[in-house]
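Novice: Residues in the sequence shown are numbered consecutively from 257, following our numbering.
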Amino acid sequence: MPVVTRFAPSPTGSLHLGSARTALFNWLFARHHQGTFLLRIEDTDRERSTEESIQAIFKGLQWLGLDWDGEVIFQFSRANLHAAAARRLVEEGKAYYCYATPEELESMRAEAKKKAQPPRYNGLWRDRDPASAPAGVSPVIRLKVPQQGATQVLDLVQGSVTVNNAQLDDMVLLRSDGTPTYMLSVVVDDHDAGITHVIRGDDHLTNTFRQLQLYNALGWTAPRFAHIPLIHGADGAKLSKRHGAVDIGSYRDLGYLPEAMNNYLLRLGWGHGDDEIIPRDQAIAWFDIDHVGQAPARFDRARLDHLNAHYMRLLPDDALCEQLAAFLPSALDATQRRRLDRALPSLKQRAKTLVDLAENASPFLQDAPLSYSQEAQEVLRLSGAPLEQAFAFLETAEWAPEALEAGLRQVAEQGGEAFGKIASPLRWALTGCRVSPGIFEVLEILGRAESLQRVRTALAFQERK
Ligand code: GLU
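#1: Going by DSSP, what residue range makes up the alpha helix (DSSP H) through ASN463?
#2: Taking ALA624 as the reference, give the member of GLU706, VAL443, GLU359 with the closest Cα.
#3: Is the number of C-beta pairs between the segment 428-438 and the segment 379-398 that are closer than 8 Å three or more?
#4: Out of GLY694, GLN670, GLY672, GLU669, point me to the one whose CA is closest to SER680's CA.
#5: Using 9 Å as the threshold, is the C-beta distance between ARG480 and LEU410 below it?
#6: Quick check: does the Cβ of GLY457 come within less than 8 Å of any heavy atom belonging to the ligand GLU?
#7: Could you give the distance in angstroms between the alpha-carbon of ALA662 and the alpha-carbon of LEU638?
#8: What are the residues that DSSP puts in a beta bridge with ASN420?
#9: Keeping to the same chain, check which residues put their C-beta closer than 8 Å to that of HIS566; ignore five residues upstream and five downstream.
#10: Does the ligand GLU have a heavy atom nearer than 8 Å to the CB of HIS460?
#11: Can you say whether GLN331 is buried or exposed, counting buried as having 16 or more other CB atoms within 10 angstroms of its CB?
#12: When the Cα atoms are used, what is the spatial distance from GLN318 to ALA599?
#13: Assuming ARG569 and LYS604 form a contact by the criterion Cβ under 8 Å, report the distance between their Cβ atoms to the nearest whole angstrom.
#14: Within this structure, are the beta carbons of LEU660 and GLU654 separated by less than 9 Å?
#15: Let me check understanding here. Comparing Cα to Cα, which of TYR352, VAL346, PHE649 lies closest to ARG216?
#16: Hey, quick one: how far does the alpha helix (DSSP H) through VAL401 stretch, first residue to last?
#17: With a threshold of 16 other CB atoms inside 10 Å of the CB of PRO585, please say whether the residue is buried or exposed.
#18: From the DSSP output, in three-state form, read off ARG382 for me.
#19: For ASN616, I'd like the list of residues in its chain whose CB is within less than 7 Å of its CB, leaving aside the five on either flank, ordered along the chain.
#20: Does the ligand GLU have a heavy atom nearer than 8 Å to the CB of ALA264?
#21: Can we count THR278 as close to the ligand GLU, meaning its CB is less than 8 Å from some heavy atom?
#22: Where does THR477 sit, in a helix, a strand or coil, going by DSSP?
#23: Would you call the CB atoms of HIS272 and ASP503 closer than 9 Å?
#24: Considering only C-alpha positions, which residue in the set SER305, ALA478, ASP546 is nearest to VAL443?
#25: How should GLN469 be labelled, buried or exposed, when 16 other C-beta atoms within 10 angstroms of its C-beta is the threshold for buried?
#26: Between which two residues does the alpha helix (DSSP H) harbouring HIS447 extend?
#27: Just the Cα atoms here: how many angstroms apart are GLN373 and ASN421?
#28: Could you check where the beta strand (DSSP E) with ARG456 kicks off and where it finishes?
#29: Which class does CYS689 belong to by DSSP, given the choice of helix, strand or coil?
#30: Any heavy atom of the ligand GLU within a distance shorter than 8 Å of the CB on ASN463?
#31: Which of helix, strand or coil does DSSP assign to VAL502?
#32: Exposed or buried, which one is LEU337 when buried takes at least 16 other CB atoms within 10 Å?
#33: How big is the Cα-Cα spacing for ARG343 and ASP426?
#34: Can you give the Cα-Cα distance for GLN550 and HIS562, rounded to whole angstroms?
#35: So, is HIS498 buried or exposed, given that buried needs 16 or more other C-beta atoms within 10 angstroms?
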């Protein structure tokens, strides 16, 4: 049977890392099996669902390159079908109208609390004749849950998990205003879409018992379930805002590449031996549910940085430049573009994120005079004779990396200084930074006129002794 998976987010906030990982696993599983991956927006909570959140979900999935098949399914638009399924169950005697009043429900809750039990409905209307319904109460529809036996989930990640039916009360399928509950909608939608595998966070495991009962009552075959452990922060607590950015859009803005994010999310809870670097094609070829771990994975920013640095180095310079554009203060003119093209191979060896890269590229995108930081000004103020000698040499030097290197080394030697005594202030003068690509490369990229102008401005700080 061809595999059909789905990602079914509720559009009530931004796209969380955990949800993005769920989407990725469903996508990979479908692509691995040449199946279908559907996107269903679970927008039945009308108060909390927002258009902004729907757009954030689309944008996040598009950024990650997780394309879905066919049209997006909006759950709310199918509410009539959900309600029809509930009414069918009533006709078949598998569900019933319940007219319990808020006071009655409250006293059931109080009763359960007294016995230190979870709140549960006591079956008040299960066998009552609807003819005895009180006037003026709009009923809900409840499923007649079997009271004997047990319900077992054979989960592809968690293994066999069983609950006694006596622990499950008769759940509401249709509210008194005629709107379907999540339990009902999700089962009808998954069935109608022909979903074969439901891969989702293990916070939904307990819902699965109820959903299985609904599948039984409706006479439908249930899909296979795979509940993946949630992502935790470094401290072992469930990943939340207090651990820092938790939504996918923030990581895009922090300068991570989608390739790195996909690789990182894949490794959060799934493994293939010791392989860390798993590009997309390889991920599609290898992905399976058997290797999803049972223990919660811990989010580790340093590993993400490491992967991002790797994918940035791997990206052809043109493509990297394109990605970088969004992180630069303005569009590049021809000179800036030329300098960046020449600096990029070195710059990308050092940066962890596009934000780092943009920062490290900034000395090449400015024109003299640079605005020096306090730290740079202090170094330049104390730079003394070596920087003056370097300037004198650069005025007439042959402008080629080897000649610049040989000449500057000679200047240092003649002055009886270690080479670093020249290189360090020169680097500060040329870039305003402590680290940069090799100093000869920097000189070459900037060219003589720009380099001299920068050193001249820098020397002016010496006069402010
Ligand atoms: N809408 C649910 C959520 O966002 C997911 C439901 C499901 O995957 O079955 O948590």
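Idealized CB from N, CA, C, for every residue including glycine.
Keep in mind the model is a prediction, meaning the values are calculated, not measured.
Specialist: Taking the structure as given:
#1: ASN463 -> alpha helix (DSSP H) spans 461-474.
#2: Residue GLU706 holds the alpha-carbon nearest to the alpha-carbon of ALA624 among GLU706, VAL443, GLU359.
#3: Short answer: they touch.
#4: In terms of CA proximity to SER680, GLY694 leads the group GLY694, GLN670, GLY672, GLU669.
#5: The Cβ atoms of ARG480 and LEU410 lie closer than 9 Å to each other.
#6: Within the cutoff, so yes.
#7: In this model, ALA662 and LEU638 are separated by some 25 Å (Cα to Cα).
#8: Answer is ALA406, bridged to ASN420.
#9: Taken in chain order, the residues that qualify are ALA516, ILE533.
#10: HIS460: yes, Cβ under 8 Å from the ligand GLU.
#11: Answer is buried; the Cβ neighbour count reaches 16.
#12: Straight across, the Cα-Cα distance linking GLN318 with ALA599 is about 30 Å.
#13: 6 Å between Cβ atoms; contact.
#14: Yes, the pair counts as a contact, with Cβ atoms nearer than the cut-off.
#15: The chain is shown only over 257 to 721; residue 216 falls outside these bounds and no answer can be derived.
#16: For VAL401, there is no enclosing alpha helix (DSSP H), since its DSSP letter is neither H nor E.
#17: Result: exposed.
#18: In the three-state DSSP reduction, ARG382 falls in the coil class, being neither helix nor strand.
#19: These residues qualify, in order along the chain: LEU603, ARG606, ALA607.
#20: True, at least one ligand heavy atom lies under 8 Å from that Cβ.
#21: Result yes, Cβ under 8 Å from the ligand GLU.
#22: For THR477, the three-state secondary structure derived from DSSP is coil.
#23: Yes, the Cβ-Cβ distance between HIS272 and ASP503 is below 9 Å.
#24: Across the set SER305, ALA478, ASP546, the C-alpha of ALA478 shows the shortest separation from the C-alpha of VAL443.
#25: Under this definition GLN469 is a buried residue.
#26: First-last of the alpha helix (DSSP H) with HIS447: 438-448.
#27: In a straight line, the C-alpha of GLN373 is about 15 Å away from that of ASN421.
#28: Looking at the DSSP string, the run of the beta strand (DSSP E) that includes ARG456 is 453-457.
#29: In the displayed model, CYS689 falls within coil according to three-state DSSP, outside both helix and strand.
#30: Correct: ASN463 has its Cβ closer than 8 Å to the ligand GLU.
#31: Coil at VAL502, not helix or strand.
#32: With fewer than 16 Cβ atoms within 10 Å of its Cβ, LEU337 is classed as exposed.
#33: Taking the straight line from one Cα to the other gives about 15 Å.
#34: About 25 Å.
#35: According to the sequence provided, residue 498 is Arg. The question's His does not apply to it. Exposed.
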